[in-house]
Amino acid sequence: MSHRHAAALALLGWYLVMPPEARQPRGQVSPKGWSKAYRKDPGAALRRLYDVKAPLSRWAVVGSFETARQCNERRRQGVLAAPQLTTIELSKCVASDDPRLEPR
1 MSHRHAAALA LLGWYLVMPP EARQPRGQVS PKGWSKAYRK DPGAALRRLY DVKAPLSRWA
61 VVGSFETARQ CNERRRQGVL AAPQLTTIEL SKCVASDDPR LEPR
């Protein structure tokens, strides 16, 4: 293994990423019917506030970790720490060299 290859492997890590906020029509603070939807299904309502289908390059990196296990453990801790549904439940862990992180 070359020194260059070893260095590249050492740089590989994992990111905890959060989705960007969904774009709302001008003058609208939250999606139409959001409060009613929240009472019925908080998870679905929260997903309407955040663009979980956005390209990964638009997601915010909120943490970096050496291993996928560390990343997923931090994500799990965040989910357990919040008694109500929070954006951490919409987060995901991705390899730091994931090509989807690059803007197109």
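The opening residue of the sequence shown carries number 1 in the numbering used here; numbering runs sequentially from there. Think of the CB as a built atom: it goes at the ideal place given N, C-alpha and C, for glycine as much as any other residue. This one's a predicted model, so the numbers in the text were calculated from it and none came from an experiment.
Own chain, CB closer than 6 Å to residue i, minus 5 neighbours either side, in chain order
{"i": "Leu101", "result": "Leu56 and Ser57"}
Which of helix, strand or coil DSSP assigns to residue i
{"i": "Gly13", "result": "coil"}
{"i": "Ala68", "result": "helix"}
{"i": "Ala60", "result": "strand"}
{"i": "His3", "result": "Reliability fails at His3, whose pLDDT of 44 lies under 50, so the model's placement of it is uncertain and no value is given."}
Own chain partners of residue i with C-beta closer than 8 Å, once the 5 adjacent residues on each side are dropped
{"i": "Val52", "result": "Pro19 and Leu90"}
{"i": "Ala68", "result": "Trp14, Cys93 and Ala95"}
{"i": "Arg74", "result": "Leu16, Gly63 and Phe65"}
Range covered by the beta strand (DSSP E) that runs through residue i
{"i": "Ala22", "result": "Premise fails: Ala22 is in no beta strand (DSSP E) and is neither H nor E."}
{"i": "Ala95", "result": "Lys92 to Ala95"}
Sequence-distant residues of the same chain with beta carbon closer than 7 Å to residue i, five excluded per side
{"i": "Val61", "result": "Tyr15 and Val17"}
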